[in-house]
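Okay, structure first, notes after.
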């Protein structure tokens, strides 16, 4: 669907003027990277824009494509937010031009009044989820307070190519969930009338059929993925985040990038969690996943707190947020991904076959610490091993670093360790006991970890401070949920025999 607003040539000129302010579009070398990011956002192999050596020609063609397809326009805006985040003035001017070009004609007063009367006092569960379904994966949905407020918000958004305006689509979703049935029928009549005026009756009928055959909306889990990227100065990080709450699939939206230190990171994370809690108040659960480099894997992120300005801050997991760690190194080392995906598939599809291995375990065939070659051979020999318990913490000990690197090479998606040295003698037993309580299934390990952490607070303060739950760390690394699609092709052990 083409963007609406001012005349075509004038819109092209305005957009070209705004785009000229971005060096990543005027530099012939950088513009290729920018187009790659746009294609990635759209899940396309390439964008239909020729990379002219003459900047003006390139920008004219790019602006024309943006006018023809608003998805390209929004993907370009998202890519520029990554490559030119510091140029706030240029971004503001681009946003202003985009808003003018994509402005929609106002809904007639009579139609708006009729719809408002139908939506007032309408109680809808999972309203935020319906908004996300109606808007599509590329739209960022703020918190909404009522069906009418939701319609107002979505009415300012653009349709996907060939699709319905999000506001109209939302009315169809609301009709499917509305009670009594007379209210639902009235909402469909209103939608039919608007679709006829817009020439979108076939699209509305198609959506009505999809919504009618879909399962009733239920709570789904949301994910806040936080990446801490180490900087040259010790103790400094670039903090990025991705937000995912979409029942249709994995479509994480990237948040702003900020610079933090070891001292300020906890408060920055608190802000992100508060924003997520307000936006996703109808989510089944909000999972927090920290993507960390190897040297930072033992950061006590699970002990970071909320309510920092109160007299008694609480850890994230006591706020109802399950906390796990993901590997930044593995996400960027593509040659490790095949084994990783295969083992995750065993874990996800055949959990009854999944196995756990303990370094320095009690069994006679448990692998011993200090021999990572033997450990790798053992893991490679059994593709059903999906979980590994380390003998020592990575990021704090050479043994832990070697063992976790071996786990990445072998594709092990679930890794756990005691953040202290030496490992608590009861670590493995307590972990297995928690897993076994309901099912004995490895898939319960994530929930078991949260329970173990909560147990640390049910004892006295002195005993709780030394409780295993305060120090246990869990890597829960799902390869089907990437947030860094442009991973590098090599890892820290480049060369022959790197796997």
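In the working numbering, the protein residues as written are 174 to 672. Even for Gly, the Cβ is constructed at its ideal location relative to N, Cα and C. Remember, it's a predicted structure, so these values are computed and weren't measured experimentally.
Do residue 488 and residue 478 have their C-beta atoms within less than 7 Å of each other? If you check the CB distance, residue 488 and residue 478 come in under 7 Å.
Who are the near neighbours of residue 611 in its chain, counting only those whose CB is closer than 8 Å to its CB and skipping five residues on each side? At residue 611, the pLDDT of 43 sits below 50, so the modelled position is not reliable; the number obtained from the coordinates is stated separately. The residues are 617.
Looking at residue 459 and residue 560, is the spacing between their C-beta atoms short of 7 Å? Cβ atoms of residue 560 and residue 459: not closer than 7 Å.
Can you tell me which of the three DSSP states residue 659 falls into? Residue placement at residue 659 is poorly supported in this model, since its pLDDT is 44, which falls under 50; the coordinates still yield a value, given next. It is coil, neither helix nor strand.
Would the beta-carbon of residue 556 fall within 7 Å of that of residue 548? No; because the gap between Cβ atoms is not below 7 Å, this pair is not in contact.
Using C-beta distances below 6 Å, list every residue in its chain close to residue 305, excluding the 5 sequence neighbours before and after it, in chain order. Within the same chain, residue 305 has close Cβ partners 314 and 419.
Alpha carbon of residue 518 to alpha carbon of residue 449, nearest angstrom: Each residue's alpha carbon lies about 29 Å from the other.
For the structure I just gave you, are there three or more beta carbon pairs, one from the stretch 360-378 and one from the stretch 426-436, closer than 8 Å? No, the stretch 360-378 is not in contact with the stretch 426-436.
Can you give the Cα-Cα distance for residue 192 and residue 415, rounded to whole angstroms? Cα to Cα, residue 192 sits roughly 26 Å from residue 415.
Hey, could you find the ends of the alpha helix (DSSP H) residue 201 is sitting in? Residue 201 -> alpha helix (DSSP H) spans 201-215.
Residue 220 beta carbon less than 7 Å from that of residue 682: Missing from the structure shown is residue 682; the chain here goes from 174 to 672 and no further.
When you compare each of 406, 356, 506 and 182 to residue 655 by their alpha carbons, which one comes out closest? Of the residues 406, 356, 506 and 182, the one whose Cα lies closest to the Cα of residue 655 is 506.
Is DSSP giving residue 195 helix, strand or coil here? It is coil, neither helix nor strand.
Answer yes or no: do residue 615 and residue 642 have a C-beta to C-beta separation smaller than 7 Å? No. Outside cutoff.
To which residues of the same chain is residue 601 closer than 8 Å at the C-beta, ignoring the five residues directly before and after it? Spatial neighbours of residue 601 in its own chain (CB-CB distance under 8 Å, excluding positions within 5 residues in sequence) are listed in chain order as 531, 534, 535 and 562.
Is residue 644 helix, strand or coil when you go by DSSP? If DSSP states are grouped into helix, strand and coil, residue 644 belongs with coil.
Assign residue 627 to buried or exposed, taking buried as 16 or more other Cβ atoms, counted over all protein chains shown, within 10 Å of its Cβ. Residue 627 comes out exposed.
Within its chain, find whatever has a CB closer than 6 Å to the CB of residue 423; leave out the 5 residues flanking it on each side and keep chain order. The residues are 654.
Reduced DSSP category for residue 272 - H, G, I as helix; E, B as strand; rest coil: Helix, per DSSP.
Could you tell me the distance, in whole angstroms, from the CA atom of residue 516 to the CA atom of residue 586? The straight-line gap from Cα to Cα measures roughly 7 Å.
Quick one: residues in its chain with C-beta nearer than 8 Å to the C-beta of residue 326, no 5 flanking neighbours on either side, listed in chain order? Excluding positions up to five away in sequence, the list reads 304, 314, 315 and 317.
Excluding sequence positions up to five away, which residues of its chain have a Cβ less than 8 Å from the Cβ of residue 245? Close CB contacts of residue 245 within its chain, under the 8 Å cut and outside five residues either way in sequence, are with 211, 215, 220, 238 and 239 (chain order).
What is the rounded straight-line gap between the Cα of residue 357 and the Cα of residue 344? If I take the Cα positions, the gap works out to 10 Å.
Pair within 7 Å by beta-carbon distance, residue 397 and residue 297: Taking 7 Å as the Cβ cut-off, residue 397 and residue 297 do not qualify as a contacting pair.
Let me know the secondary structure DSSP gives residue 245 once reduced to three states. DSSP places residue 245 in helix when its eight states are reduced to three.
Where do the ends of the alpha helix (DSSP H) carrying residue 339 lie? That run of the alpha helix (DSSP H) goes 339-350.
Residues near residue 490 in its chain [Cβ-Cβ closer than 8 Å; skip 5 each side]: Same-chain partners within the cutoff: 475, 496, 623, 626 and 627.
Leaving out five residues before and five after residue 338 in sequence, what residues of the same chain have Cβ atoms less than 6 Å from its Cβ? 332, listed in sequence order.
Among all the DSSP beta bridges, which residues are the ones paired with residue 591? According to DSSP, which records beta bridges pairwise, residue 591 is partnered with 645.
Can the beta-carbon of residue 417 be found closer than 7 Å to that of residue 429? For residue 417 and residue 429, no; Cβs fall outside 7 Å.
Element boundaries [alpha helix (DSSP H), containing residue 287]: For residue 287, the enclosing alpha helix (DSSP H) has its first and last residue at 282-292.
What is the DSSP secondary structure of residue 122, reduced to helix, strand or coil? The question about residue 122 has no answer, for the chain in this structure spans 174 to 672.
So who's on the other strand from residue 426, going by DSSP bridges? According to DSSP, which records beta bridges pairwise, residue 426 is partnered with 416.
From what residue to what residue does the beta strand (DSSP E) around residue 522 run? Residue 522 -> not in any beta strand (DSSP E); alpha helix (DSSP H) instead, spanning 510-522.
For residue 475, three-class secondary structure by DSSP: Reduced to three states, the DSSP call for residue 475 is helix.
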